[in-house]
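Residue numbers (our numbering), protein chains in the order written: chain A, 438 to 861; chain B, 438 to 861; chain C, 438 to 861.
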Amino acid sequence: MEDQQATLRNAMTRLDLTRDSFADRLGVSRRALDSWLLPATSGEHRRMPGVVAKLLAGLPEAPPVAAGAPGELRARFTKRGKPHLLSVAQFDRETVEALLRVAEAMEPIARRRKVTRVLEGAVLGNLFFEPSTRTRVSFGAAFCRLGGSVCDTTGFTFSSMVKGESIADTSRVMSGYVDAIVVRHPEQGSVAEFARHTHLPVINGGDGTGEHPTQALLDLYTIRREFERLGKSVDGARVAMVGDLRHGRTVHSLIRLLSLYRGLTFRLVAPPSLEMPPALVEAAAAAGHKVEQVATLADGLRNADVLYATRIQKERMSGEALEAYPADFRIDRRALATLCSPDTVVMHPLPRDGSAGANDLSTDLDDDPRLAIFRQTDNGIPVRMAVFAVLLGVEHLVGRDLRDAPWISPARLGPGDAPFHRLA
Amino acid sequence: MEDQQATLRNAMTRLDLTRDSFADRLGVSRRALDSWLLPATSGEHRRMPGVVAKLLAGLPEAPPVAAGAPGELRARFTKRGKPHLLSVAQFDRETVEALLRVAEAMEPIARRRKVTRVLEGAVLGNLFFEPSTRTRVSFGAAFCRLGGSVCDTTGFTFSSMVKGESIADTSRVMSGYVDAIVVRHPEQGSVAEFARHTHLPVINGGDGTGEHPTQALLDLYTIRREFERLGKSVDGARVAMVGDLRHGRTVHSLIRLLSLYRGLTFRLVAPPSLEMPPALVEAAAAAGHKVEQVATLADGLRNADVLYATRIQKERMSGEALEAYPADFRIDRRALATLCSPDTVVMHPLPRDGSAGANDLSTDLDDDPRLAIFRQTDNGIPVRMAVFAVLLGVEHLVGRDLRDAPWISPARLGPGDAPFHRLA
Amino acid sequence: MEDQQATLRNAMTRLDLTRDSFADRLGVSRRALDSWLLPATSGEHRRMPGVVAKLLAGLPEAPPVAAGAPGELRARFTKRGKPHLLSVAQFDRETVEALLRVAEAMEPIARRRKVTRVLEGAVLGNLFFEPSTRTRVSFGAAFCRLGGSVCDTTGFTFSSMVKGESIADTSRVMSGYVDAIVVRHPEQGSVAEFARHTHLPVINGGDGTGEHPTQALLDLYTIRREFERLGKSVDGARVAMVGDLRHGRTVHSLIRLLSLYRGLTFRLVAPPSLEMPPALVEAAAAAGHKVEQVATLADGLRNADVLYATRIQKERMSGEALEAYPADFRIDRRALATLCSPDTVVMHPLPRDGSAGANDLSTDLDDDPRLAIFRQTDNGIPVRMAVFAVLLGVEHLVGRDLRDAPWISPARLGPGDAPFHRLA
């Protein structure tokens, strides 16, 4: 029953408890709690006893997350007074959850049901010093959906920088033209350098092997939304990360962000020489999570709540490493049927290698409702809208300004989309 | 007299008759009918007898074209429930005329007299996988004039596709960001492949040697508007197509679209080896049109109502073919004076080769009011606005939302524009 | 005292007098007048005697600059009935000042305090046939801040021009799509050629070694605003121009624009073979200004009100010239301390060469409030807004249409910005 799930999840959130500790608190087994949290349609769903409901009602409340005065959230995750989003290290759990609640409030707009013009008159500088079409368009479309205008720069060179201009000058000059700046740059640290020279909101759109914080945010947002549908909570979740865990900045940022939660189990499945950097493993362990480095997909995916696959970048591997690369890393329909449960959430930062036989997420999964990869990219819009709205201090104004979108949007975006993934 | 022309043209449209069959129906000669349809200022204009007017009033009415409930036109020319514009094969005569009537309703906006914001909040993905600046800007400006925002991608590569991403994934990912998508792609069939993976409106902006349906629509729109001024009707018209008829996708789409009308005569003037593909010739003939393949400009242009010239793409011709290419294919002031009538409409899909001596439409015609090439490109805006409005289901809302444009626009756009080609 | 300064400056403006001639008119020494015009906080500030105030009140008024009926200013600086901005030669003093007053009226929008939508529905064609990211974004953002939309083209090639299309055809085709056009082109004269074929507003965004009139306008606007703060007037100012004065089109346009004022002293400091072209020197002298070509920075900067530095383009210099290049052309903290007064305004068209030891404006000046280079680029927005508003005839409508910007902007844009350089 919807109410039972909602009641339990709300209590876990309010008390900030993992499933295990929540089961402890209630004095029931984890297995029993899990069965109460399953959808009513599941064969393994069970009603919780009336006494539990009474117990829940009597539990003391944790202080609620502050409702948020205008600009308060902005102040909370900015650094040294500057409204910058450069790294996931800026977040604590409360702040990231407040931000993702703003993203949820953006859904009616992201789903093309409502229109806001709150940023009408504002201009985004969307500066891509290396090409990344999808990320550029995602940021641009998110800003447009808030009512703003976008000035893009694309390509490998910025004409004035070719003439010897410093990042500092470029940053200050662009700041005179626009109201917020997204920077994508091939070199780690250069976005922070850019941000140092302006007081405008700067968002790191990916800096080489560094960070890509909005990707991690939309990944977390996706996990939370999928779990909400499945009656799960992030606390205590089992997350398998598969592929090139050494170079993939998205898994680096995601493990740091998930470590803000409690009692997770990370299973890291990487070929030799492509393992997750030790510092990240240690940080997750130090935050109280289980981190298991396993050798096979089978070990990694057992009971996994989330499977986060990444593209193997063969061009970065030596011949030896490539030979050692286990052929069974390919994640396809057969692997999912064998290794995953019916409610595993399958994610990927995209692009994936769609060529036949690629050691990547196979396209034969495209009709499988567990495949969340397009829900994941779709989520980039509300999450980036939330980031812009918060950094520009207008998140509390969006709701006042909504009107119906007059054009016709399809109920579903893609022919392979899961039945529950709808615009309408 | 304006009234006489309008009465006759309306009757022909209502009865869906060609000039020849209309003359038959009235029991008069074609020559007489032609003289009644000429502008009053023409020396050959004649008043029609009063008895004809009475006859016209008594003719039975054909059922009027449906006024069109919201979304109805959209439903009519979409394929398998998807609002895509991929090919002119999607059209029947009634549908294409309904669409062009929507384009006419866009004229006050396209002429910068009125402003609409009906698509405010909507975002266009303007994806050009091969460069075509004018087409990209035309689509982009049309979407802006409806109140929407545009995210462009340009250049030969789409960064994620370089990493092995399939068209299917690109399509589905972009669909999460925007509300309508224009795709230009160098490979025939790739736009249809793109469209297969999304339920959003997709418009073929040109796919290699395949189709470019909005070009054919604006060509037809131009012919109709020019004919309206001249008191002619598309049924029964004589259309000369000149140049490289083998490779030019614009003439391929246009002959198919014109074949929806009745009793046309197509005169095809192409050098050896650059003739119109036989399948297209046969289809036009099967639809009841005369198709004449002629060898010289002189034979082609005699009595032509429309001269549609195309650029000869020398780079595609073998040395032999190039030598066989008749020098008198150059269309200049002298050729027009010798071969065309005073009301021939001269069209070209542009760009034309403006270099001296090029075997193309000469720039010495730029002040000749018969040269319709810039009226033709101007028409791209209302036609593409109509396509967007219909595919997004807002064409019935545009009229409710108009306000005056406050900025000053010139009465005429170019110094060589014909006196009757005015914004104001 | 603010009132005293304002009274004197207003009188000079009203009477159209230089400082020297104004001092003559009042019968006082130039030194006395200067001391009255200094800020009250300056140690050398003096109160003007009461008798002078009475004298001022009795002076006859020059006819005021016309308030400007809608479209009047537009008519005044257009050429042959076309609203084009191609060259600073289009301006007389009254016209340029009227235009810069419109720019001042744009400041609340440029500073993100107010939002206007006066150009909502209008489209800018921002055509950059050579890359210049900052200039492109500055024009684009200015148009967006007026409420309009922007279609950009970037890169070295315009795909249709590659196929042999003439500038004339490109101009006329684009005119059918947009409402105003900015053209940047590597060849001198090509923007004028582009403008010849359209009646739409065309703005020269830089044509090779030709002109870049909006840069000269924003330079003049900067000088006027800096002088206003310092209690100085353009008439009679001492302006040092330093660097490559031969190739720098910005200094060419600026000396012509400043020559519309009265009694200036230009000190030109250039290495051998990079001197200002003689024609420009002679024109300035013929307009009644002092032009001094000096050999050293020390000679050039003595008592300079403005120091306008330009980048030395080493790649354009022969080996000999490069050797002859005086090492002391580097303008850094030490040079400013030694050679400039406390209220010299230091300008540069940017980009500057920020690498260590570059013979350019040094980055060690970035915290010096005399460094006006970022105030200068910031001023590009209100100036370009003014140009668009005037050419499109809406400058009188902007004030009626203002509303508050709802998003949060920082009080200062850059950490090194001078205390008086604030958005708020």
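Ideal placement from N, C-alpha and C gives every residue a C-beta, glycine not left out.
List, in order along the chain, the chain A residues whose C-beta lies closer than 9 Å to that of residue i?
i: Gly725(C); result: Simply none; closest approach about 35 Å.
i: Phe811(C); result: Asp606, Arg609, Val610, Ser612, Gly613
From which residue to which residue does the alpha helix (DSSP H) around residue i run?
i: Val525(B); result: No alpha helix (DSSP H) holds Val525(B); DSSP gives it neither H nor E.
i: Gln813(B); result: 810-815
i: Ser586(A); result: Per DSSP, Ser586(A) belongs to no alpha helix (DSSP H); it is in the beta strand (DSSP E), 586-590.
i: Phe576(B); result: 570-582
i: Asp457(A); result: 456-463
If distances are taken between C-alpha atoms only, which option among the options comes closest to residue i?
i: Ala494(A); options: Val671(A), Thr444(A), Val688(A); result: Thr444(A)
i: Pro486(C); options: Ala469(C), Gly577(C), Phe528(C); result: Ala469(C)
i: Ala793(B); options: Arg789(C), Ala826(C), Gly700(C), Glu602(C); result: Glu602(C)
i: Leu564(B); options: Gly577(B), Arg511(B), Glu509(B); result: Gly577(B)
i: Pro856(C); options: Val743(C), Arg666(C), Arg484(C), Val688(C); result: Arg666(C)
i: Ser868(C); options: Arg704(C), Ala735(C), Met611(C), His684(C); result: A question about residue 868(C) goes unanswered here, because the residues of chain C that appear run from 438 up to 861.
i: Val676(A); options: Pro788(A), Lys669(A), Ala741(A); result: Ala741(A)
i: Thr478(C); options: Thr651(C), Val620(C), Asp780(C); result: Asp780(C)
i: Arg739(A); options: Leu808(A), Arg704(A), Pro714(A), His726(A); result: Arg704(A)
i: Leu682(A); options: Arg812(A), Leu657(A), Thr646(A); result: Thr646(A)
i: Leu829(B); options: Val533(A), Ala722(A), Trp844(A); result: Trp844(A)
i: Pro806(A); options: Arg770(A), Gly680(A), Arg789(A), Asn796(A); result: Arg770(A)
List the residues of chain A whose Cβ lies closer than 7 Å to the Cβ of residue i, in chain order.
i: Ala408(C); result: The question about residue 408(C) has no answer, for chain C in this structure spans 438 to 861.
i: Thr814(C); result: Val610, Gly613
i: Gly668(C); result: Within 7 Å Cβ-Cβ: nothing; Gly668(C) doesn't reach chain A, min ~25 Å.
i: Ser846(C); result: Asp616
How would you write the range of the beta strand (DSSP E) that residue i sits in, first residue to last?
i: Ala677(A); result: 675-679
i: Ala746(B); result: 743-746
i: Met485(A); result: No beta strand (DSSP E) holds Met485(A); DSSP gives it neither H nor E.
i: Val728(C); result: 727-731
i: Met784(B); result: 782-784
i: Arg739(B); result: No beta strand (DSSP E) holds Arg739(B); DSSP gives it neither H nor E.
i: Leu705(C); result: 702-706
Along chain C, in chain order, which residues have C-beta atoms closer than 8 Å to that of residue i?
i: Ala795(B); result: Gly601
i: Val835(A); result: What Val835(A) touches in chain C: nothing, since even the nearest Cβ is about 10 Å away.
Can you name the residues of chain B whose CB is closer than 8 Å to the CB of residue i?
i: Asp681(A); result: By Cβ distance, chain B contributes nothing, its closest Cβ being about 13 Å from Asp681(A), past 8 Å.
i: Val574(A); result: Gly562, Cys588, Thr590, Met611, Tyr614, Val615
i: Arg662(A); result: The premise fails here: Arg662(A) is roughly 14 Å from chain B at the closest Cβ pair, so nothing lies under 8 Å.
i: Arg849(A); result: His636
Along chain B, in chain order, which residues have C-beta atoms closer than 9 Å to that of residue i?
i: Phe508(C); result: One point to set straight first is that residue 508(C) is Gly, not Phe, in the sequence displayed. Near Gly508(C) (Cβ distances below 9 Å), the residues of chain B are Ile845.
Under 9 Å Cβ-Cβ, which residues of chain C neighbour residue i?
i: Ile640(B); result: Going along chain C, no residue has its Cβ under 9 Å from Ile640(B), so there is no contact; the nearest lies around 17 Å.
Residues of chain A with CB under 8 Å from residue i, in chain order?
i: Ile818(C); result: Gly613, Tyr614
Name, going along the chain, the residues of the stretch 528-561 of chain C whose beta-carbon falls closer than 8 Å to a beta-carbon of chain B. Val555, Leu556, Glu557, Gly558, Ala559, Val560
Taking only beta carbons into account, state which residues of the stretch 577-592 of chain A come closer than 7 Å to chain B, listed in chain order. Gly577, Ala578, Cys581, Arg582
Against chain C, which members of the stretch 620-637 of chain A pass a CB distance test of less than 9 Å? Arg633, His634, Thr635, His636, Leu637
Which residues of the stretch 774-805 of chain A have a Cβ closer than 9 Å to any Cβ of chain B? Give them in chain order. Leu787, Pro788, Arg789, Asp790, Gly791, Ser792, Ala795, Asp797, Thr800, Asp803
Counting pairs of Cβ atoms below 8 Å between the stretch 695-710 of chain A and the stretch 454-466 of chain A, do you hit three or more? yes
Touching or not, the stretch 544-556 of chain C and the stretch 603-610 of chain C, by the rule of three or more beta carbon pairs under 8 Å? no
Are the stretch 815-823 of chain A and the stretch 534-546 of chain A touching by the rule of at least three beta carbon pairs closer than 8 Å? yes
Within 7 Å of chain A by C-beta, residues of the stretch 823-834 of chain B in sequence order: Leu829, Gly830, Val831, Leu834
Decide if the stretch 714-734 of chain C is in contact with the stretch 655-670 of chain C; the criterion is three or more beta carbon pairs, one per stretch, under 8 Å apart. Not touching, per the Cβ criterion.
Would you call the stretch 788-802 of chain A in contact with the stretch 831-850 of chain A, where contact means no fewer than 3 C-beta pairs closer than 8 Å? Verdict: no, contact absent.
Are three or more beta carbon pairs between the stretch 631-638 of chain C and the stretch 510-526 of chain C nearer than 8 Å? yes
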